[in-house]
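Student:
Numbering (this note's numbering), first residue to last: 4 to 492.
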């Protein structure tokens, strides 16, 4: 039986109200007049400076989504249609939260994006800047009933797919940020990032969502329960297994809390076992994991195979190690027996494994984000197509890093705060959540970490260990206003 989620509806609603007021201030005739400077008002072909206060509000509410980008763009592009679209979106979000609560609002946004894909028609709630563009194209996207306003069919399909993934991302971010008092929020947030469809279904556990009349089909719970069974079986096997990585980790015993070392050891154990399992099954015909899950959900047919021969578990394990995006090459390369793609995924996992062995698992999420960052030298000469790819890739690194935190670090009471920060690619806030990474003293001791440029070293490390420090220079520019660099350039 569904129960009502304990979400901070009032806190979120207050933030929407504050955002609405600030947005109105920044899109007034007086404010917009300051950004024209004699240029064509519809074609600003230069980087723009955004209001820091508004940017903070937008990030707090919408995280790494194109709605954040669009709302900021509206403050420097004096287009009445764009301003009206943004204002209506803020108002509609606030009204839904006020009337029905956070869960209904999130379910409605995700469901709307899913319906748009099934109808092959972009939803009006897809942000105009879902893909970066010049000012004249942005103006065309804002016109009602404009033919092919999102380009041809291929571009439109890619944009709609990106939009639903961004709504999953928003759902995870909101559940983490505004659901601290809801015990199920962390599991839902993780599933939103790991398997968005299942994450959306989990919102139906809120009685308010069910009261709105969605499909009463709850067969997805069979998959959720089965995944829990597999994790429990893996935990039991790990408890009785040999731990050859302990010796390699022994050098950091004085620098870390024991729980951190256990998490490091489990990551190394799982990574090695996963690669070993895929290699052993390579020449064996296996059923695709999605088909096995479909049989379980709709026919109640559980896979009849050992844990390390079960593609469903191997896929779930890969996601917990690398995130949904980062594990795609490894998982799909195996299932399609595409050796080149599989090797690319295996090399990436080995790289992450090396970071954990050297620096500790708490250092892994921020390094994953740093590795995905597009630096100014790459962004400035790039086309809008390339910049869109860079920005989306960067955001997905945040998704993957958050999945690692939610899968591997929940033994730490600060993990929720850390996951919320890293989901927004905010390395500084992530470090602040774990004081030992910031170089502060603690009972577990501390050590000085090295530094790197975030992409030049073999292991991508940025300094420190689970008990060391994350060099401030590595994190200081992680909250650079990416949108101010790449939008409408």
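Every residue, glycine too, gets a C-beta built ideally from N, C-alpha and C.
Only a predicted model underlies this, so the values are computations on that prediction, with no experimental measurement involved.
By Cβ distance, which residues of its chain are closer than 7 Å to residue 133, with the 5 residues on each side in sequence left out?
Tutor: So the qualifying residues of the chain are 69, 162, 165 and 166.
Student: Can you list, in chain order, the residues of its chain whose CB lies under 7 Å from that of residue 62, leaving out five sequence neighbours each side?
Tutor: So the qualifying residues of the chain are 71 and 427.
Student: Reducing DSSP to helix, strand and coil, say where residue 467 ends up.
Tutor: At residue 467 the pLDDT is 37, less than 50, meaning the model places this residue with poor confidence and gives no usable figure here.
Student: Does DSSP put residue 448 in a helix, in a strand, or in coil?
Tutor: Residue placement at residue 448 is flagged as unreliable, the pLDDT there being 35, under the threshold of 50; the coordinate-derived value follows with that caveat. Three-state result, residue 448: coil.
Student: Can you tell which of 229, 278 and 211 has its C-alpha closest to the C-alpha of residue 201?
Tutor: Of 229, 278 and 211, the residue nearest in Cα terms is 229.
Student: Just verifying my parser: in three-state terms, what is the DSSP assignment at residue 11?
Tutor: Note: residue 11 maps to coil in three-state DSSP.
Student: Go to residue 245, then tell me how far its alpha helix (DSSP H) extends in each direction, as first and last residue.
Tutor: That residue, residue 245, is in no alpha helix (DSSP H); it is neither H nor E in DSSP.
Student: Where does residue 49 land, buried or exposed, given buried means 16+ other C-beta within 10 angstroms?
Tutor: In this prediction, residue 49 scores a pLDDT of 41, lower than 50, which makes its location untrustworthy; the coordinate-derived value is nonetheless stated afterwards. Under this definition residue 49 is an exposed residue.
Student: Tell me which residue opens and which closes the alpha helix (DSSP H) that residue 320 is part of.
Tutor: Counting along the chain, the alpha helix (DSSP H) containing residue 320 begins and ends at 314-329.
Student: Can you look up residue 123 in the DSSP assignment and give me helix, strand or coil?
Tutor: DSSP places residue 123 in coil when its eight states are reduced to three.
Student: Tell me the DSSP secondary structure of residue 164 in three-state form.
Tutor: The answer is helix: DSSP assigns residue 164 an H, G or I state.
Student: For residue 7, tell me which candidate among 146, 140, 187 and 287 has the shortest Cα-Cα distance.
Tutor: The residue with the shortest Cα to Cα distance from residue 7 is 187.
Student: On a CA-only basis, which of 285, 116, 366 and 331 is nearest residue 430? Give me that one, please.
Tutor: Ranking 285, 116, 366 and 331 by Cα distance to residue 430 puts 366 first.
Student: Would you call the CB atoms of residue 405 and residue 183 closer than 8 Å?
Tutor: Cβ atoms of residue 405 and residue 183: not closer than 8 Å.
Student: CA-CA distance, residue 179 and residue 204?
Tutor: About 17 Å.
Student: Who are the near neighbours of residue 199 in its chain, counting only those whose CB is closer than 6 Å to its CB and skipping five residues on each side?
Tutor: Around residue 199: 171.
Student: State the start and end residues of the unbroken alpha helix (DSSP H) segment that holds residue 362.
Tutor: Start and end: 342-362.
Student: Could you check if residue 329 is buried or exposed, using at least 16 other CB atoms within 10 Å of its CB as the buried criterion?
Tutor: Buried: at least 16 other Cβ atoms inside 10 Å.
Student: For the alpha helix (DSSP H) holding residue 289, just list the boundary residues, first then last.
Tutor: Counting along the chain, residue 289 falls outside any alpha helix (DSSP H), and DSSP gives it neither H nor E.
Student: Under three-state DSSP, which class holds residue 6?
Tutor: Residue state, collapsed to three classes: strand.
Student: With the cut-off set at 8 Å, would you say residue 327 and residue 402 are in Cβ contact?
Tutor: It is a contact, given that the beta carbons lie within the stated cut-off.
Student: Taking residue 262 as the reference, which of 418, 16 and 87 has the closest Cα?
Tutor: The candidate whose alpha carbon is nearest that of residue 262 is 418.
Student: Between residue 121 and residue 361, what straight-line distance do the alpha-carbon atoms span, to the nearest angstrom?
Tutor: Rounded to whole angstroms, residue 121 to residue 361 spans 46 Å at the Cα level.
Student: Please go through the same chain and pick out, in chain order, the residues whose beta-carbon is closer than 6 Å to the beta-carbon of residue 399, but skip the five residues on each side of it.
Tutor: So the list reads 328, once near-sequence residues are dropped.
Student: Along the chain, where does the alpha helix (DSSP H) that runs through residue 400 open and close?
Tutor: Looking at the DSSP string, the run of the alpha helix (DSSP H) that includes residue 400 is 387-411.
Student: Let me know the secondary structure DSSP gives residue 82 once reduced to three states.
Tutor: Three-state result, residue 82: coil.
Student: How many Å lie between residue 224 and residue 300 at the Cα?
Tutor: Cα to Cα, the separation comes out at about 8 Å.
Student: Considering Cα atoms alone, identify which of 378, 372, 220 and 363 is closest to residue 265.
Tutor: Nearest of 378, 372, 220 and 363 to residue 265, Cα basis: 363.
Student: According to DSSP, is residue 268 helix, strand or coil?
Tutor: Correct three-state label for residue 268: helix.
Student: In the DSSP assignment, what residue or residues form a beta bridge with residue 184?
Tutor: Partner(s): none; residue 184 has no beta bridge.
Student: What's the gap between the Cα of residue 226 and the Cα of residue 436?
Tutor: Each residue's alpha carbon lies about 33 Å from the other.
Student: Do you know how far the Cα of residue 154 is from the Cα of residue 74?
Tutor: In a straight line, the C-alpha of residue 74 is about 21 Å away from that of residue 154.
Student: Does the count of Cβ pairs from the segment 301-311 and the segment 332-349 closer than 8 Å reach three?
Tutor: The segment 301-311 vs the segment 332-349: no contact.
Student: Can you find the residues in the same chain that come closer than 7 Å, C-beta to C-beta, to residue 44, ignoring five residues on each side of it along the sequence?
Tutor: Since pLDDT at residue 44 reaches only 41, below the 50 mark, its modelled position is unreliable, and no value is offered.
Student: Identify which residue in 31, 308 and 320 has its Cα closest to the Cα of residue 234.
Tutor: Measuring from the Cα of residue 234, the nearest candidate turns out to be 320.
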